[in-house]
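> Sending over a structure as structure tokens; questions will come in a sec.
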Amino acid sequence: MQRIVKALAVAGIALQALAAPAFAADVKIGFVVKQPEEPWFQDEWKFAEIAAKEKGFTLVKIGAEDGEKVMAAIDNLGAQGVQGFIVCTPDVKLGPAIVAKSAANNLKLMTVDDQLVDGSGAPLADVPHMGISATKIGEQVGQAIIDEAKHRGWDLKDVGAIRVSYDQLPTAKDRVEGAIAVLTKNGFPAANIYDAPQAKTDTEAALNAATTVINAHSGVKHWVAFGLNDEAALGAVRATESVGIKPEDVIAVGIGGADSAINEFKKGQPTGFFATVIISPKRHGYETSLNMYDWIGGKEPPKLVQTAGELAKRDDYQTVRKGLGLE
Ligand code: GLA
């Protein structure tokens, strides 16, 4: 009898050992991003891959730059036998359509970076989401700009601010509004803040938007610039360079801290790109993927996670990246 029990116990352990890898091997998780060429999203994918390797699931990466591609991607994932996916959509207003399409394909849905909204612009709070704490990070941007303007001894009435904007995206609006709140609280004249709406959220679109502002205000002595991400701040910097404004007259602060910012810091001479608030592609890629993996296994993810950022400049970005587990 004892021997039988023992044999059964051993068999049980063997079965359990088999069960874990068999589950992992069957798991397929999709990761759909709106701008696959942007270093931030490359990094998210990189960290999602690490989670996939660790757990043994298959990661299906798809770039979807517009609404049609998102819808096609969801059908594609369904057809491949994926159980759940994480998406950063090119348009948050697609919210209800994405939810419906996911349900039709029997896919669990989580969002990253950009939270889905309904027809009236309210966030779809039922869809688990991980985003950055946008207002707070915007405030860090504003504080960095004010501190450096003071350090350079600028009279704020001589300074113009380029607000590279993409207001149809709530996280973008919250970030720039956070920056503006700190600027104005510290005596920056609100009338000197100029909106530069970008058509897309890349460097080229920001360059075009900022150029229009700079050309319209040629009397401005110094410029500061901020926006949704590093690409927005870099576009503004490129615009100042193209009309011959010197780096010492420019303070642009980005958000992200991926290669777009790092490559700028690596340049031989400082540019107008003064700093970035480094956010965590590790959390946004690795943690979301693990959360989805656990969800497929039965454990629901948190409904909302808001991640923090840390300011980094040319001379300390390596230390900050290390501290965040990015190097
Ligand atoms: C948005 C931006 C990206 C990045 C993420 C971070 O999606 O477009 O560049 O800043 O937010 O959450």
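Reading the sequence shown from the start, the letters are residues -24 to -1, 1 to 303 in mature numbering (1 follows the signal peptide of the UniProt record, and there is no 0).
Ideal Cβ placement from N, Cα and C applies to all residues, glycine included.
1. Looking at C-alpha atoms only, which residue of 53, 146, 72 is the closest neighbour of residue 81?
2. Should residue 172 and residue 186 be called a contact, given that it needs their Cβ atoms to be closer than 8 Å?
3. Return the CA-CA distance between residue 28 and residue 36, expressed in angstroms with no decimal places.
4. Let me check one thing: in DSSP terms, what residues is residue 282 bridge-paired to?
5. Do you know how far the Cα of residue 213 is from the Cα of residue 134?
6. Looking at ligand 1, does it come within less than 7 Å of residue 267, judged from the CB to the closest heavy atom?
7. DSSP has residue 198 in a bridge; who is on the other side?
8. Within a Cβ cutoff of 7 Å, which residues of the same chain sit near residue 130, ignoring the five residues on either side of it in sequence?
9. Taking the alpha helix (DSSP H) that residue 75 falls in, what are its first and last residues?
10. Do residue 122 and residue 162 have their CB atoms nearer than 8 Å?
11. With respect to the beta strand (DSSP E) encompassing residue 87, which residues constitute its N-terminal and C-terminal limits?
12. If you measure between the beta carbons of residue 152 and residue 107, is that distance less than 8 Å?
13. What residues does ligand 1 have around it, judged by CB closer than 5 Å to any heavy atom, in chain order?
14. Start and end of the beta strand (DSSP E) containing residue 171?
15. Is it true that the CB of residue 57 sits closer than 8 Å to the CB of residue 84?
16. Alpha carbon to alpha carbon, how far is residue 138 from residue 170?
17. Name the DSSP bridge partner or partners of residue 62?
18. Is there contact here, the region 221 to 241 with the region 40 to 49, by at least three beta-carbon pairs under 8 Å?
19. With DSSP as the reference, label residue 220 as helix, strand or coil.
20. Determine the DSSP secondary structure at residue 251, reduced to helix, strand or coil.
21. Hey, residue 16 and residue 232: beta-carbon distance below 8 Å or not?
22. DSSP state of residue -10, grouped into three classes?
Taking the definition as stated:
1. For the purposes of this step, residue 81 is taken as the residue at position 105 of the sequence shown. Among 53, 146, 72, the Cα nearest to that of residue 81 is on 53.
2. Within the sequence shown, numbered from 1, the residue matching residue 172 stands at position 196. Within the sequence shown, numbered from 1, the residue matching residue 186 stands at position 210. At a Cβ-Cβ threshold of 8 Å, residue 172 and residue 186 count as neighbours.
3. Counted from its first residue, the sequence shown places residue 28 at position 52. Counted from its first residue, the sequence shown places residue 36 at position 60. Approximately 10 Å between the Cα atoms of the pair.
4. Locating residue 282 in the sequence shown gives position 306, where the first residue counts as 1. Its beta-bridge partners are 107.
5. In the sequence shown, residue 134 corresponds to position 158, counting from 1. In the sequence shown, residue 213 corresponds to position 237, counting from 1. Roughly 18 Å between the two C-alpha positions.
6. The residue you call residue 267 lines up with position 291 of the sequence shown. No, Cβ of residue 267 sits at least 7 Å from all heavy atoms of ligand 1.
7. In the sequence shown, the residue the question calls residue 198 occupies position 222. Residue 198 is bridged to 135.
8. In the sequence shown, residue 130 corresponds to position 154, counting from 1. Counting only Cβ-Cβ distances below 7 Å, and skipping sequence neighbours, we find 198.
9. One-based indexing of the sequence shown puts residue 75 at position 99. Segment 71 to 80, the alpha helix (DSSP H) holding residue 75.
10. Looking up residue 122 in the sequence shown gives position 146. Looking up residue 162 in the sequence shown gives position 186. Cβ atoms of residue 122 and residue 162: closer than 8 Å.
11. Walking along the sequence shown from the start, residue 87 turns up at place 111. Segment 84 to 88, the beta strand (DSSP E) holding residue 87.
12. Locating residue 152 in the sequence shown gives position 176, counting from the first residue. Locating residue 107 in the sequence shown gives position 131, counting from the first residue. It is not a contact, given that the beta carbons lie outside the stated cut-off.
13. 16, 89, 90, 108, 177, 205
14. Counting from 1 along the sequence shown, the entry for residue 171 is found at position 195. That run of the beta strand (DSSP E) goes 169 to 173.
15. Position 108 of the sequence shown holds residue 84. Position 81 of the sequence shown holds residue 57. Taking 8 Å as the Cβ cut-off, residue 84 and residue 57 do not qualify as a contacting pair.
16. Numbered from its first residue, the sequence shown carries residue 138 at position 162. Numbered from its first residue, the sequence shown carries residue 170 at position 194. The C-alpha of residue 138 lies about 5 Å from the C-alpha of residue 170.
17. Here residue 62 is taken as the residue at index 86 of the sequence shown, counted from 1. In the DSSP output, where bridge partners are listed per residue, residue 62 has 7, 86.
18. no
19. Residue numbering aside, residue 220 sits at position 244 when the sequence shown is read from its first letter. Looking at residue 220 - three-state DSSP - the assignment turns out to be coil, as it is neither helix nor strand.
20. On the sequence shown, residue 251 is found 275 positions in, with the first residue counted as 1. Strand.
21. As a first step, residue 16 must be located in the sequence shown, where it is residue number 40. As a first step, residue 232 must be located in the sequence shown, where it is residue number 256. Contact: yes.
22. On the sequence shown, residue -10 is found 15 positions in, with the first residue counted as 1. Bear in mind that a pLDDT of 46 at residue -10, under 50, signals an unreliable position, so the number given afterwards is only what the model happens to contain. Residue -10: helix per DSSP, three-state reduction.
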